[in-house]
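>
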Amino acid sequence: MAGEPTRPEGDRRDDPPAPWEEQGPTPPPHLVRERGTATATRPQKHADMVRWLHPGQVLRTGLDAVVATVFGARADHRLIEAVVRPQQPYFDYSEESGADGDFWLDYVSDIGDGWDSTYAVARLLALPELRLPEEDGKTAHITPRGRVLVFGGDEVYPGASRETYEERTVQPYEAAMRRSQAPHPDLFVIPGNHDWYDGLSAFMRLFCAQRWLAGRRTRQSRSYFALKLPKSWWLIGTDVQLNSDIDVPQVEYFRQVAEQMGPDDRVILCNAEPAWVLAAAARRTKGSYLENNLEYLEEKVLGRRIAVFLAGDLHHYRRHEDDTGQHRITAGGGGAFMHPTHAPAAPVLRDGSTLRKSFPDEATSRKLARKNLFLIRYSPLFGLITGLWYLLLALAAYAEVGSLGLSRLPEVVTAVANSMVNRPWTLILGMVTVGGLAGLADAALGKWRALLGSLHGVAHIVAAFFVAWGATYFTVSKLGVCPVLSPDGAHCADGWLHLAGKFFFSCTFTFVGGFLVGPFITGLYLWLSVNFFGAHSNEAFGSLALPDWKNFLRMRIGKDGALTIYPVGLERVPRKWKPTGAGPMSPAFDPDDPNATEPFLIEPPIRVCR
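Quick note: the sequence shown uses UniProt numbering, first residue 1, plus one each step.
As structure tokens, this is what we get:
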């Protein structure tokens with residue numbers, strides 16, 4: 001029937017259709033749930049932001065890192081791709097343009113986290129056009145949806161699997177746009193380190209098998225690609241795996257692409273991580289960062305054709321520019337938690353490029369870092385780790401000090417010290433605490449790393465001492481549970497039941513104290529580290545899981561051959577949604593949150609002449 005939305009011809013997606021696909025354009029009632037009022041709704045099955053400091057996630061992250069480190073370099077999927085997955089030298093869009101003669105494409109990176117942030121960005125990318133005011137509010141730009149959408153790395157969090165891609169990436173993007181009309185937009189994707197955690201298996205199945213995803217067709221066969229764009233522009237997407245490495249077959253692929261370029265062609269190079277920022281940070285801390293392959297690709301393969309570098313990995317917007325007009329843009333705001341813009345600091349890069357714009361600005365970034373002082377609010381289950389650890393420290397150095405108040409602090413310290421001498425494993429546990437936190441301290445702390453990491457460990461030990469003493473004192477002196485013991489300290493004058501009660505209450509209060517105090521000390525350490533030393537930026541903001549301050553790039557190649565970049569910002573994403581009742585070619589949910597903000601241009605359009 002004319003006008004009826006149909007699946008594009010040639011659709012090879014073998015996933016089952018959405019539950020409402022055969023029931024009409026409106027999602028059935030069971031896919032939404034009420035939140036206080038009849039109009040405040042959101043999808044029933046939604047993903048919260050990843051809570052990186054929750055116990056289960058800490059364990060999974062550690063295991064993923066170990067597996068990736070041990071097996072990643074020895075199971076390089078790209079070598080297999082080069083043999084069994086032929087791919088055309090480039091995908092040609094050079095003759096395409098819109099009705100006005102312009103060609104539009106979109107770039108977004110670091111997606112697939114919480115529903116609110118991921119869907120908010122996916123919805124904006126799906127709308128036929130966006131009206132984007134500049135910061136002054138006086139000038140606005142009308143920008144149509146891109147003919148091509150590029151995912152710039154880390155398409156899912158916390159790690160790659162078929163289930164997590166479906167929940168955190170596919171569902172929000174298909175809720176934003178299930179189908180499209182011809183000419184159907186295309187999707188190209190490069191992997192980040194999180195996509196590599198399963199050896200790239202789920203990534204290859206989802207993005208490299210010519211399937212349809214969210215009304216867009218995927219065309220690539222490998223994890224890297226080249227696009228020939230109008231007016232002698234090219235877009236190159238690389239795969240740097242887990243070791244910031246571009247393998248030899250990939251270099252050869254791009255060498256063949258370079259042979260198709262003219263001497264005056266210009267290149268947009270998409271990399272999964274901002275090597276320029278990481279190299280500048282490594283230089284500041286007198287460390288090192290492997291950038292050899294990127295430099296080789298730039299200098300020996302593509303020459304000086306690269307006009308724009310794009311990358312994600314750091315979840316914010318920062319743009320650097322040199323005197324020749326070459327731009328290096330970090331735009332990792334597709335859905336993952338916000339990273340600070342003041343750390344790692346990179347005001348000037350190795351090539352002399354200077355920082356021109358940050359979103360959020362550095363003052364706001366520093367202010368947001370103070371939220372770490374209320375860490376338990378943002379990562380409440382982290383207290384389970386510190387509560388249990390404080391309890392272990394208390395049990396290891398247990399002494400009968402419940403009847404001793406603050407005025408008798410020296411006696412308490414002496415009693416605990418004697419207990420520690422008689423129990424060598426208590427010292428071992430203390431050394432593990434101090435040494436472990438010193439070892440986990442960020443290398444960006446430089447010469448202060450060992451000292452600050454050790455002080456962090458000592459602070460927890462001191463806090464555990466006072467928490468345990470306070471718990472025992474409250475149990476014995478305030479609650480009156482078993483105040484008198486036999487000379488050997490093994491029996492309660494009131495009987496074993498009272499002794500068991502004393503043990504139970506002391507342990508419970510110690511655990512609760514550790515649950516509350518431990519996150520504060522960790523948050524204080526992270527706040528001091530990120531704001532005064534530029535260190536632990538990932539941990540300090542990953543712990544907060546802030547869904548706001550999102551961004552993506554919309555780009556236009558004009559009839560005159562100039563590239564114009566529109567950096568789109570979204571300061572606060574909606575927390576509430578209402579169903580639209582629209583068809584599958586339109587977003588299924590619209591914002592229903594009065595506190596949410598509208599998209600705007602982070603800075604005036606950036607014009608890059610060919």
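A virtual CB, placed ideally from N, CA and C, is assigned to each residue, including glycine. In this text the structure is predicted, and so the values were computed from the model without any measurement.
Would you mind sorting L601 into buried or exposed? The rule is 16 or more other CB atoms within 10 Å of its CB.
Position 601 of the sequence shown, counting from 1, holds the residue named residue 601. Classification for L601: buried.
> R319 bridges to which residues according to DSSP?
Within the sequence shown, the letter at position 319 stands for residue 319. Partner(s): I329 and K357.
> Going straight from the alpha carbon of A443 to that of A535, what length do you get?
The count along the sequence shown starts at 1 and reaches residue 443 at position 443. The count along the sequence shown starts at 1 and reaches residue 535 at position 535. About 8 Å.
> Tell me whether I428 is buried or exposed, calling it buried when 16 or more other Cβ atoms sit within 10 Å of its Cβ.
One-based indexing of the sequence shown puts residue 428 at position 428. Exposed, since its Cβ has fewer than 16 Cβ neighbours within 10 Å.
> In angstroms with no decimal places, state the Cα-to-Cα distance between D92 and Y253.
Indexing the sequence shown from 1 puts residue 92 at position 92. Indexing the sequence shown from 1 puts residue 253 at position 253. About 16 Å.
> Helix, strand or coil: how does DSSP classify F466 here?
By 1-based counting over the sequence shown, the position of residue 466 is 466. Helix.
> What are the partner residues of G237, as DSSP defines its beta bridges?
Taking the sequence shown and counting its residues from 1, one reaches residue 237 at position 237. Note: G237 sits in a beta bridge opposite F225 and C270.
> Can you say whether T169 is buried or exposed, counting buried as having 16 or more other CB atoms within 10 angstroms of its CB?
Numbered from 1 along the sequence shown, position 169 holds the residue referred to as residue 169. Buried, by the Cβ-count rule.
> How many angstroms separate the CA atom of G383 from the CA atom of M431?
Working through the sequence shown from its first residue, we reach residue 383 at position 383. Working through the sequence shown from its first residue, we reach residue 431 at position 431. C-alpha separation (whole angstroms): 21 Å.
> Rank F151, V458 and F466 by C-alpha distance to the C-alpha of L404 and give the top, closest one.
Locating residue 404 in the sequence shown gives position 404, where the first residue counts as 1. Of F151, V458 and F466, the residue nearest in Cα terms is F466.
> For the stretch 306-314 against the stretch 265-283, are there 3 or more C-beta pairs whose distance is under 8 Å?
At 8 Å Cβ cutoff, the stretches touch.
> Sorry if obvious, but does the Cβ on L452 come closer than 7 Å to a heavy atom of the ligand COA?
This structure does not include the ligand COA; it has no bound ligands of any sort.
> If I measure Cβ to Cβ from P191 and keep anything under 7 Å in the same chain, skipping five residues before and after, which residues do I get?
Within the sequence shown, residue 191 is the residue found at index 191, counting from 1. G153, L200, F203, S223, D239 and A272.
> Assuming D590 is part of the beta strand (DSSP E), what are its boundary residues?
The residue you call residue 590 lines up with position 590 of the sequence shown. Its beta strand (DSSP E) spans residues F589 to P591.
> Skipping 5 residues on each side, what residues in its chain have a beta carbon closer than 6 Å to that of S529?
Locating residue 529 in the sequence shown gives position 529, where the first residue counts as 1. Counting only Cβ-Cβ distances below 6 Å, and skipping sequence neighbours, we find A535 and H536.
> Do three or more CB pairs link the stretch 373-391 to the stretch 452-470 at distances below 8 Å?
Contact holds: three or more Cβ-Cβ distances are below 8 Å.
> Can you find the residues in the same chain that come closer than 6 Å, C-beta to C-beta, to T26, ignoring five residues on each side of it along the sequence?
Working through the sequence shown from its first residue, we reach residue 26 at position 26. Because the pLDDT of T26 is 35, which lies under 50, any placement of that residue in the model is unreliable, and the question is left without a value.
> Quick one: what does DSSP say residue 648 is sitting in, helix, strand or coil?
With the chain covering only 1 through 610, there is no way to say anything about residue 648.
> V251: which of L440, F505, R131 and L302 sits nearest, CA to CA?
Indexing the sequence shown from 1 puts residue 251 at position 251. Taking only the C-alpha atoms, the option nearest V251 is L302.
> Helix, strand or coil for T341? Go by DSSP, reduced to three states.
In the sequence shown, counting from the first residue as 1, residue 341 sits at position 341. Coil.
> What is the DSSP secondary structure of P86, counted as helix, strand or coil?
Working through the sequence shown from its first residue, we reach residue 86 at position 86. Correct three-state label for P86: coil.
> Counting Cβ pairs closer than 8 Å, one from the stretch 117-134 and one from the stretch 553-572, do we hit at least three?
At 8 Å Cβ cutoff, the stretches touch.
> Run through DSSP, which three-state label would M555 get?
Taking the sequence shown and counting its residues from 1, the one referred to as residue 555 is at position 555. M555: strand per DSSP, three-state reduction.
> Do P587 and D116 have their CB atoms nearer than 8 Å?
To locate residue 587, count along the sequence shown from 1; it is residue 587. To locate residue 116, count along the sequence shown from 1; it is residue 116. It is not a contact, given that the beta carbons lie outside the stated cut-off.
> For a test of the three-state rule: what should DSSP assign to R304, helix, strand or coil?
Here residue 304 is taken as the residue at index 304 of the sequence shown, counted from 1. R304: coil per DSSP, three-state reduction.
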